[in-house]
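Remarks on the structure that follows.
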Amino acid sequence: MKIGVSSFLTDYSIDVVTLATRAEELGFDSLWVPEHPIIPVERTQKAPGDSTDGEMPKKYFDVVDPFVTLAAAAAVTATLKLATGVTLLPERNPLLLAKEAATLDLISGGRYIMGIGAGWIKEETEIMGGNFERRWAQCRESVLAMKQLWTTVYSEFHGEFYDFPQVVSFPRPVQRPHPPVILGGWAQNVYKRVVEYGDGWLPLRARPEWVAEGRRRLNELAEEAGRDPASLEVTCYQVPPDPDHVRALGEAGADRVVIQVDTAGREEALVQLESHARALL
0 MKIGVSSFLT
10 DYSIDVVTLA
20 TRAEELGFDS
30 LWVPEHPIIP
40 VERTQKAPGD
50 STDGEMPKKY
60 FDVVDPFVTL
70 AAAAAVTATL
80 KLATGVTLLP
90 ERNPLLLAKE
100 AATLDLISGG
110 RYIMGIGAGW
120 IKEETEIMGG
130 NFERRWAQCR
140 ESVLAMKQLW
150 TTVYSEFHGE
160 FYDFPQVVSF
170 PRPVQRPHPP
180 VILGGWAQNV
190 YKRVVEYGDG
200 WLPLRARPEW
210 VAEGRRRLNE
220 LAEEAGRDPA
230 SLEVTCYQVP
240 PDPDHVRALG
250 EAGADRVVIQ
260 VDTAGREEAL
270 VQLESHARAL
280 L
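In numbering that gives the first Met the number 0, the protein residues as written are 0 to 280.
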């Protein structure tokens, strides 16, 4: 079982260089950081699942850019995987995102994992240029377009949301054919999407029985599609640091769990990180 950590990093939290360096020293597998380029003041969505009072936690408003942050982590680590958990694809142009991802993979020596999601705040998606009602269809095209950019010299794509003639986009990712693309969410069609254009599944706050059913569905669909089920990783996100729960997730079919480090100052975050390591590593 691989154990990673995630955190909403801000200008008042522990810095990513300290967090990444210590996480690697302790033996964690990966560092995951989320994305929200903006949070609209007027929103129709309820607060996220980690809200305690119905209000959106401040960290959602204050979180830093994931790619700049992971690039800093890449410079001070050697083995730690660097992951977006998650990149909001409908809010990004795949031509630019493909270059950012390939550059991060290059400077990290092939350690980038692209966790992706479709977003859950309608107003945020639309302000950033996405189609909220069809955001997963947009995600699919974005991934397919990026795969062209990562794997061909003269790349082109012609879809409903993205349409471009032959272009040249370098650098190439170090990982071939490209960094793993891990799909987040519990949508009804998530397993089909993973098998069609992804490399793994990233369920949030999962229970072992949910993971067991998801693993079963992924295996079944992969075999039908002629894919090796073992090539699809299951990474459980925002898992409590409970050894019994982690063990149960592994027995249910999870390959990795990601434990949350609170948005806190340097000393408090390091104490929490080291407590997680003692419990799980």
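Ideal Cβ placement from N, Cα and C applies to all residues, glycine included.
Here's the rule I'm using: 16 or more other beta-carbon atoms within 10 Å means buried, otherwise exposed. How should residue i be labelled?
i, result
"Gln137", "buried"
"Gly108", "exposed"
"Glu155", "exposed"
"Asp282", "Outside the modelled stretch of the chain, which goes from 0 to 280, sits residue 282, for which no answer is possible."
"Trp135", "buried"
"Trp200", "buried"
"Glu123", "buried"
"Val270", "exposed"
"Thr151", "exposed"
"Pro170", "exposed"
Considering Cα atoms alone, identify which of the options is closest to residue i.
i, options, result
"Met145", "Ile120, Leu94, Gly114 and Val189", "Leu94"
"Arg21", "Val4, Tyr11, Thr9 and Val167", "Val4"
"Val67", "Thr102, Tyr59, Pro47 and Arg91", "Thr102"
"Tyr11", "His35, Leu25, Lys45 and Lys58", "Lys58"
"Thr234", "Asp243, Ala211 and Tyr161", "Ala211"
"Gly183", "Arg192, Pro202, Pro239 and Leu231", "Pro202"
"Leu87", "Arg215, Phe131 and His275", "Phe131"
"Gly197", "Gly225, Gly213, Val180 and Ser168", "Val180"
"Asp162", "Thr151, Leu143 and Gln174", "Leu143"
"Ala70", "Ala276, Ala251, Ala117 and Leu30", "Leu30"
Going straight from the alpha carbon of residue i to that of residue j, what length do you get?
i, j, result
"Trp149", "Gly264", "38 Å"
"Ala100", "Ala253", "25 Å"
"Glu41", "Thr262", "24 Å"
"Ala72", "Met0", "23 Å"
"Leu279", "Ile106", "29 Å"
"Arg91", "Val85", "12 Å"
"Val257", "Ile115", "15 Å"
"Pro89", "His244", "33 Å"
"Gly213", "Ser230", "15 Å"
"Phe60", "Gly225", "43 Å"
"Asn188", "Glu195", "11 Å"
"Lys191", "His275", "34 Å"
Tell me which same chain residues have a C-beta within less than 7 Å of the C-beta of residue i, skipping the five on either side of it?
i, result
"Pro178", "Ala100, Asp104, Tyr111, Ile112, Met113 and Pro172"
"Gln247", "Strictly speaking, residue 247 in this sequence is Ala, with Gln absent from that position. Within the same chain, Ala247 has close Cβ partners Pro207."
"Ile126", "Ile37 and Pro39"
"Gln44", "Trp119, Ile120 and Lys121"
"Glu266", "none"
"Gly249", "Met0"
"Ala290", "This structure cannot settle anything about residue 290, because the visible part of the chain is limited to 0 through 280."
By Cβ distance, which residues of its chain are closer than 8 Å to residue i, with the 5 residues on each side in sequence left out?
i, result
"Pro228", "Leu217, Asn218, Ala221 and Glu222"
"Glu23", "Thr76, Ala77, Thr78 and Leu79"
"Leu8", "Asp14, Val15, Leu18, Val32, Val62, Val63, Thr68 and Thr262"
"Val166", "Leu94, Leu148, Tyr153, Ser154 and Glu155"
"Glu159", "Ala136 and Glu140"
"Asp28", "Lys1, Ile2, Gly3, Leu79, Lys80 and Arg255"
Spatial neighbours of residue i within its chain, please: C-beta separation below 6 Å, excluding the five flanking residues on both sides.
i, result
"Val260", "Val4, Ser6, Ala268, Gln271 and Leu272"
"Glu232", "Gly199 and Asp254"
Sequence ranges, beta strand (DSSP E) only - wholly within the region 31-96, length at least 3:
80-87
In chain order, each alpha helix (DSSP H) run of at least 4 residues that lies wholly inside the region 2-29:
15-25
Taking only runs of the alpha helix (DSSP H) that begin and end inside the region 116-168, which ones reach a length of at least 4 residues, in chain order?
121-126 and 134-150
In the region 177-241, which residue ranges form an unbroken beta strand (DSSP E) of at least 3 residues, counting only runs that do not cross its ends?
Those beta strand (DSSP E) runs which fall completely within the region 177-241 and span 3+ residues are 180-183, 199-201 and 232-238.
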